[in-house]
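In the working numbering, the protein residues as written are 41 to 174.
Notes to accompany the following structure.
Below is the structure:
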């Protein structure tokens, strides 16, 4: 599994140190070096069960999900489906990935609605989404 190279600014702010490229559900998604994100949004009380925001097999999925939400390059439902698909690609167990997916489906709307137009413009510079033919 690809290791994420990040600069840890504090406990919930990480800066990507190299580009990450994934393919999922007919899209090629590039998250560019310099993107700042918070990793998986897991309450600290559940870290012993799920892991911390950058641990585990879900770290690439969480990064891409954060990037898609921040940039709004794809609709929220597609971003969530890509999160689920990337967790499956990275061998996150069925129960864990389903639980994490349903958490973002039920609560992700809040983060989606909080992002400002200025933030979207900033983050669009760090995210590239291309439709691909499989």
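C-beta: ideal position from N, C-alpha, C; glycine also.
Work out the CA separation of residue j and residue i for me, nearest whole Å.
i: residue 63; j: residue 113; result: 15 Å
i: residue 159; j: residue 128; result: 29 Å
i: residue 123; j: residue 144; result: 9 Å
i: residue 137; j: residue 157; result: 30 Å
i: residue 73; j: residue 167; result: 10 Å
Give the DSSP-derived three-state secondary structure of residue i in the structure shown.
i: residue 164; result: helix
i: residue 104; result: helix
i: residue 139; result: helix
i: residue 5; result: What is shown of the chain runs 41 to 174, which leaves residue 5 out entirely.
i: residue 123; result: helix
i: residue 87; result: Note that residue 87 has pLDDT 44, beneath the 50 cutoff, so the model's placement of it is unreliable and no number is given.
Return the chain-ordered list of same chain residues with a C-beta closer than 8 Å to the C-beta of residue i, the five sequence neighbours on each side being excluded.
i: residue 45; result: 56, 57, 58
i: residue 76; result: 49, 53, 54, 55, 56
Which residue wins for smallest C-alpha separation from residue i, given the options the options?
i: residue 43; options: 61, 53, 65, 118; result: 61
i: residue 147; options: 116, 67, 97, 73; result: 116
i: residue 120; options: 142, 71, 163, 135; result: 142
i: residue 132; options: 97, 166, 140; result: 97
Given residue i, which residues of its chain have a CB within under 7 Å of its CB, disregarding the five upstream and five downstream residues?
i: residue 126; result: 62, 64, 100, 101, 104
i: residue 171; result: 66, 67
Under 6 Å Cβ to Cβ from residue i, same chain only, skipping five residues before and after it: list those, please.
i: residue 69; result: 62, 104, 169
i: residue 163; result: 110, 111
Inter-stretch contact at 8 Å, needing at least 3 Cβ pairs: the stretch 147-158 / the stretch 104-119: yes
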